[in-house]
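Position in the first sequence (from 1) plus 6 gives the number in the working numbering. Think of the CB as a built atom: it goes at the ideal place given N, C-alpha and C, for glycine as much as any other residue. Below: one structure, written as structure tokens.
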Amino acid sequence: MATTNETAPLPERFDPGSAEPALYAAWDAAGVHTANAARSSKNGGDRDPFVIVIPPPNVTAVLHMGHGLNNAVQDVLVRWRRMSGDEALWVPGTDHAGIATQNVVEKQLAAEGKTRFDLGRDAFVERTAGFVETTGGVILQQLRALGASCDWSRTAYTLSPELSTAVREAFVSLHEQGLVYRGYRVIHWCPRCLTSLSDEEAEFHDSQGTLTHIAYRVAGDPSRTITVATTRPETMLGDVAVAVNPEDERYADLVGKMVVLPILDREIPVIADSYADPAFGTGVVKITPAHDANDFEVGKRAGLPMPIVIDADGKMAEVTDAAGRVPAELKGMDRFAARKWIVATLEEVGALVKVEPHANSVRRCYRCDTVVEPRLSDQWFVRMEPMAQQALAAVRSGEIRIMPERWEAVYINWLEGIRDWNVSRQLWWGHRLPVWYDRDGGIHVRRDDPSPDEIERLGLRQDEDVFDTWFSSWLWPISTLGWPNKDAEDLKAFYPTDVLVTAPEILFFWVARMIFAGYQFVGKAPFHTVYLHGTVRDTQHRKMSKSLGNGIDPLDVIQLYGADALRWTVVAGLGMGTDVILDPTDLDKSFAPGRNFVTKLWNIGRFLLTNIGDRPLPAVSSLDAASLSAADRWILARLDIAITECDAALGAARPQGATWKMDERFRGLRLDEYAEAARRFAWNELADWYVEAVKPRLQSDSPDGDVARAVLLHVFDQALRLLHPVVPFITETIWQKLPGHTAGTFLAQAAWPIARDVSGGDEDFERLRELVVGIRQIRGEYNVPPGQMIPALLVGADDLAPVLERDGALVARMARAELTIAAVAPSGSAAHVVLRAGGEVVLPLGGLVDVARERARVEEDLAQLTKQLTSLEARLANAGFTAKAPPAVIEAERAKASEWKARAAQLTAKLDALALA
RNA sequence: GGGCGAAUAGCUCAGCUGGUUAGAGCACCUGCCUUACACGCAGGGUGUCGGGGGUUCGAAUCCCUCUUCGCCCACCA
Numbered sequence: 007m008a009t010t011n012e013t014a015p016l017p018e019r020f021d022p023g024s025a026e027p028a029l030y031a032a033w034d035a036a037g038v039h040t041a042n043a044a045r046s047s048k049n050g051g052d053r054d055p056f057v058i059v060i061p062p063p064n065v066t067a068v069l070h071m072g073h074g075l076n077n078a079v080q081d082v083l084v085r086w087r088r089m090s091g092d093e094a095l096w097v098p099g100t101d102h103a104g105i106a107t108q109n110v111v112e113k114q115l116a117a118e119g120k121t122r123f124d125l126g127r128d129a130f131v132e133r134t135a136g137f138v139e140t141t142g143g144v145i146l147q148q149l150r151a152l153g154a155s156c157d158w159s160r161t162a163y164t165l166s167p168e169l170s171t172a173v174r175e176a177f178v179s180l181h182e183q184g185l186v187y188r189g190y191r192v193i194h195w196c197p198r199c200l201t202s203l204s205d206e207e208a209e210f211h212d213s214q215g216t217l218t219h220i221a222y223r224v225a226g227d228p229s230r231t232i233t234v235a236t237t238r239p240e241t242m243l244g245d246v247a248v249a250v251n252p253e254d255e256r257y258a259d260l261v262g263k264m265v266v267l268p269i270l271d272r273e274i275p276v277i278a279d280s281y282a283d284p285a286f287g288t289g290v291v292k293i294t295p296a297h298d299a300n301d302f303e304v305g306k307r308a309g310l311p312m313p314i315v316i317d318a319d320g321k322m323a324e325v326t327d328a329a330g331r332v333p334a335e336l337k338g339m340d341r342f343a344a345r346k347w348i349v350a351t352l353e354e355v356g357a358l359v360k361v362e363p364h365a366n367s368v369r370r371c372y373r374c375d376t377v378v379e380p381r382l383s384d385q386w387f388v389r390m391e392p393m394a395q396q397a398l399a400a401v402r403s404g405e406i407r408i409m410p411e412r413w414e415a416v417y418i419n420w421l422e423g424i425r426d427w428n429v430s431r432q433l434w435w436g437h438r439l440p441v442w443y444d445r446d447g448g449i450h451v452r453r454d455d456p457s458p459d460e461i462e463r464l465g466l467r468q469d470e471d472v473f474d475t476w477f478s479s480w481l482w483p484i485s486t487l488g489w490p491n492k493d494a495e496d497l498k499a500f501y502p503t504d505v506l507v508t509a510p511e512i513l514f515f516w517v518a519r520m521i522f523a524g525y526q527f528v529g530k531a532p533f534h535t536v537y538l539h540g541t542v543r544d545t546q547h548r549k550m551s552k553s554l555g556n557g558i559d560p561l562d563v564i565q566l567y568g569a570d571a572l573r574w575t576v577v578a579g580l581g582m583g584t585d586v587i588l589d590p591t592d593l594d595k596s597f598a599p600g601r602n603f604v605t606k607l608w609n610i611g612r613f614l615l616t617n618i619g620d621r622p623l624p625a626v627s628s629l630d631a632a633s634l635s636a637a638d639r640w641i642l643a644r645l646d647i648a649i650t651e652c653d654a655a656l657g658a659a660r661p662q663g664a665t666w667k668m669d670e671r672f673r674g675l676r677l678d679e680y681a682e683a684a685r686r687f688a689w690n691e692l693a694d695w696y697v698e699a700v701k702p703r704l705q706s707d708s709p710d711g712d713v714a715r716a717v718l719l720h721v722f723d724q725a726l727r728l729l730h731p732v733v734p735f736i737t738e739t740i741w742q743k744l745p746g747h748t749a750g751t752f753l754a755q756a757a758w759p760i761a762r763d764v765s766g767g768d769e770d771f772e773r774l775r776e777l778v779v780g781i782r783q784i785r786g787e788y789n790v791p792p793g794q795m796i797p798a799l800l801v802g803a804d805d806l807a808p809v810l811e812r813d814g815a816l817v818a819r820m821a822r823a824e825l826t827i828a829a830v831a832p833s834g835s836a837a838h839v840v841l842r843a844g845g846e847v848v849l850p851l852g853g854l855v856d857v858a859r860e861r862a863r864v865e866e867d868l869a870q871l872t873k874q875l876t877s878l879e880a881r882l883a884n885a886g887f888t889a890k891a892p893p894a895v896i897e898a899e900r901a902k903a904s905e906w907k908a909r910a911a912q913l914t915a916k917l918d919a920l921a922l923a
């Protein structure tokens, strides 16, 4: 292998704009991101597979900060595992997004003055497919700019032929097992999208509505009325009864009698049903079976008719079984206008009792925000309860963990009350239901399309509906790997996947259902970990959104500061389950942490490359311990600690055995802690101390200089490895230039660091650091000009003497002090003495010390210490404490007490010394 | 209505099953352009751990209660 020795200095600035795309292309060309099924241990290979399937963005989507965050997190995990030796696979792809995409194209048509009905189904689908073909998938390109190490050779699309096969197989096999059925019932209907919605797609929004009280006359008894309260008076046209609770004595005598529906003057019965809550309103509820899910149930129990008085567009109309129910003036009127008309008319006929404000929640379409209309119609449903059992057990047992932990409770709560899933949509864009109806009303659910002959013979007509988008998404982990082909190599090599990274909003829409599907179709959970991250918000904690105009375009950030700066900022700022707060009005400030850190790394690299030379260096592992300086030993120990901390923060990649054990279950995936541990090592330890400590040695060609160079190169190389998952571009760029780099190798595939020996901490350099910091503090306190050297007399620091013998010059340089060591303070120096805590440092500062000020300071310290000591001694004297506290605690407290006593004595001595001044 | 969570520095948050003098990043203040880096260096903590009560030798941590905020669910007629 050729080696490169490009020790040419790096340019002054890292230019992400040119470096990042070129690097990404190089990774791609080298196949760094491409997984090999044959290498998976599940397929006879020697690497554990580590698999993440991307939450497929809508095919028409463009990258926003939410995607930026979501994909940065996934990329960190994938890169980490790839470096750790796993066969890492990140499956990318997009979702055809039925309603969303159809809406986009319909808007285009509207601009042309047309509707989809003008085009007709086939032409509309063709146009939408063409739209997706030409403009869709932009987001996948944008993910490359982010650095996402997806395996593009496996890019999937929910509406591809392969995945469509999976959708069809899933539905047919569910049907065979009796888990799907067609039902005529009240569902959520969006009058704008003209389709049914699932419970999850009809989102609750608080609203300030009204409660309209209407008096219904009791038939044949002009003296009596019965008052109902409703939030939707317009539905009264479809009333078929009023219900009272069977236990409600107020109305017991009316049950079975008739009342007269105002305006229409129709007689309807009073029925008893426990659904009526005596405590709510008047205790009487009008029953409109076609326009309310509860009323529908009541109507079914009582065998009532179900007239439909609102059409699919949300306009008043006599649709089904409602002849004579909608007055001529109302026909074609929008439901909200009709509400006003009804209330006004009720008032005219004297049936309006009152209208009062009433806070309630109204369901709205999650795609267009239109108020959802309950609608009686034929739909296809999937029975969820049988599938929920296993999904529930999986989380309870720890086979699947959800992080942060609190979401497990939410998940369990939802599953326990799960309801059937309406999967049919009255849309054109999507997977059409594989359902045919024959001329005798028979239903045919089939894997293959019927032949022309069958169609003719049986009079087959295919169901017009398509599936809910989520009916393809829920198969994503299995379908992207090849299911229903059970012999698919990817399915064998890479299923189950490992971690699913997404936002909590789609826990029910998607995550829970994927778990259902995994068990249902493959018999295994689709992943062992669900990681739910927070939301990107602005400084007012509002979710970033197009309509609020408070968004940040990740591409702007990438252009300004580079992808690494973006990634670092969001990953380092992402506590478990917490939101990421960014200021869209101040990108400079928002992304400063990432930008600054990337620059810092660059400059460490620049320093190293200009100082390390190109002479061959010994391997650190081959170095004799005696040849290492205190600083060398220290930084190597700090590296081990940093590696250990990073590993601990990231946690176990997978459970040991079938379930997560309690000691690991909710640990790991602390990306912020991992990032911080790596940053602290690189910046606060390596750059701030080791680089500064080692500078003089780098000037020399001696063996010691080579030791310093070797250690510096080693620890920086290791730091780059630790940091690569978060900031892949800058680390790869520098790593490629390190002396000894083998051409054609990538940091992205380099081995993750392994801590050698964590026990070998190094005290010597720690003492030196304390000394330097101590002297610097005093310099600061007394405003010693930076250029001025100060004399420093170290007294009673015998244990430091050997260390200082070797590194005294280093301390002197870093602290800008002239060190002298003495066993005891020479007499006469007391007037200029400042004592450091611990008593081992004495600094004669000439005339720099303000004695009065110093005395006041020491007195304050002493008073504080005395107070603490008193309380500590009281505690130690307390019989309850000595009887009940753990021995180790008592021991620690005693040690503390004697330490404090010693300190107090020192402070007293210092006061005495100052008194001499 | 049911369930869950949060409240700690100016901001975002750590502080695990109670035990040194409550921490980090950012922001801020002071002094420095010390030839890798001013996107930097050195120094500095600015706090009634939301209020009240309780348990305990000891509470940011456990219990009760109040206040405020947030999330999930719901057949709020």
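Three or more Cβ pairs closer than 8 angstroms define a contact, and the stretch 399–407 falls short of that threshold against the stretch 165–176. With fewer than 16 other Cβ atoms inside 10 Å of its own Cβ, P228 counts as exposed. Nearest to W158 by alpha-carbon distance, out of H219, L270, A36, I269, is A36. For G793, the closest alpha carbon among the candidates D813, A821, P808 is that of A821. Cβ-Cβ distances below 8 angstroms link L868 to A910, L913, T914, L917 in the same chain, with the five nearest sequence neighbours on each side left out; the list follows chain order.
V441 is positioned such that its CB atom lies closer than 7 angstroms to that of D469. Under the criterion of beta carbons closer than 8 angstroms, V234 and L260 do not qualify as touching, at roughly 12 angstroms. Taking R369 as reference, the option from P731, P311, D298 with the minimal CA-CA separation is D298.
Here I424 has M390, E391, A394 as same chain residues with Cβ atoms under 7 angstroms from its own Cβ, once five neighbours each way along the sequence are excluded.
Here S706 is not bridged, per DSSP, to any residue.
For S479, the number of other beta carbons within 10 angstroms of its own is at least 16, and it is reported as buried.
In the three-state reduction of the DSSP assignment, I521 falls in the helix class. Of P275, Q183, A249, L267, the smallest CA-CA separation from D301 is found for A249. Sequence-distant Cβ neighbours of G244 in its own chain, meaning closer than 6 angstroms and more than five residues away, are T294, A296, H297, P313, V315. Per DSSP, the beta-bridge partners of C196 are T201. Per DSSP, the continuous alpha helix (DSSP H) segment holding S179 begins and ends at 167–182.
The stretch 183–190 makes no contact with the stretch 123–137; the number of CB pairs closer than 8 angstroms stays below 3. Assignment of Y788 by DSSP, reduced to helix, strand and coil, places it in the coil class. In this structure, the beta-carbon distance from P98 to C156 falls below 7 angstroms. Annotated three-state conformation of Q874 is helix, per DSSP. The stretch 381–453 is shown to contain whole beta strand (DSSP E) runs of 3 or more residues at 407–409, 441–443, 449–451, in chain order. Listed in chain order, the alpha helix (DSSP H) elements of length 4 or more contained wholly in the stretch 682–739 are 698–704, 709–729. Bridge partners of I274 according to DSSP: V265. Taking a cut-off of 8 angstroms on C-beta distances, the stretch 518–528 does not touch the stretch 74–85, as fewer than three cross pairs fall below it. Three or more Cβ pairs closer than 8 angstroms define a contact, and the stretch 698–716 falls short of that threshold against the stretch 439–458. Considered as a whole, the stretch 579–638 harbours no complete run of any beta strand (DSSP E) with no fewer than 3 residues.
Judged by their CB atoms, W195 and E379 are nearer to each other than the 7 angstroms cut-off.
Below 8 angstroms, enough C-beta pairs join the stretch 162–174 and the stretch 431–441 to call them touching: three or more. Looking at the DSSP output, Y257 bridges to nothing. Assignment of Y567 by DSSP, reduced to helix, strand and coil, places it in the helix class. The distance from the Cβ of G583 to that of L656 is about 16 angstroms, inconsistent with a contact at the 8 angstroms cut-off. Note that the C-beta distance between P410 and H534 is not below 7 angstroms. Distance from W489 to R519 at the Cβ level is roughly 15 angstroms; contact not present, criterion being Cβ atoms closer than 8 angstroms.
Between V732 and R612, the C-beta spacing is not below 7 angstroms.
The C-beta distance from D21 to F56 rounds to 32 angstroms, too long to fall under 8 angstroms, and the pair is not in contact.
Within the model, the alpha-carbon separation for G119 versus E112 is close to 10 angstroms.
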